[in-house]
Amino acid sequence: MMQDDSETVAMIKELLETRIRPAVQDDGGDIEYRGFDTDTGIVKLKMQGACSGCPSSSVTLKSGIENMLMHYVPEVRGVEQELDAEDEDATLAAGQME
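Using our numbering, the first residue of the sequence shown is number 49, and each one after it goes up by one.
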């Protein structure tokens with residue numbers, strides 16, 4: 049955590065580190081905090097490793113991670129996955145294989 053993190057961001061990061069990241073790592077993936085928009089209440093996260101190309105990662109993000117963050121941090125209103133250019137390419141390629 050950074051010194052200038054707000055109390056809300058500190059709570060989000062602590063939950064990610066202590067409760068969420070270990071569960072995601074058990075499945076061979078990882079998660080990276082990318083930001084929190086105080087105006088919209090949206091937490092930005094990036095799924096990594098096995099989770100980045102997994103079709104169920106969006107379900108994990110919404111039903112698991114979003115619910116937990118919203119439960120413990122009232123300021124959180126939602127979670128969005130951020131994709132880098134290579135992630136978008138992999139997602140498109142996976143969709144074309146179906």
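Glycine included, C-beta positions come from ideal geometry on N, C-alpha and C.
- Taking the Cβ atoms as the reference, Ala98 lies roughly 10 Å from Asp74, outside the contact range of under 8 Å.
- With respect to the C-alpha of Arg69, the residue from His119, Glu130, Glu123 and Lys94 having the closest C-alpha is Lys94.
- Membership of Leu117 in the alpha helix (DSSP H) is indicated by the continuous run Asn115 to Tyr120.
- With a 10 Å radius around the Cβ and a threshold of 16 neighbouring Cβ atoms, Gly77 comes out buried.
- In this structure, the beta-carbon distance from Thr86 to Thr56 falls below 9 Å.
- Contact between Tyr81 and Ile60 holds: their C-beta atoms lie close to 7 Å from each other, under 8 Å.
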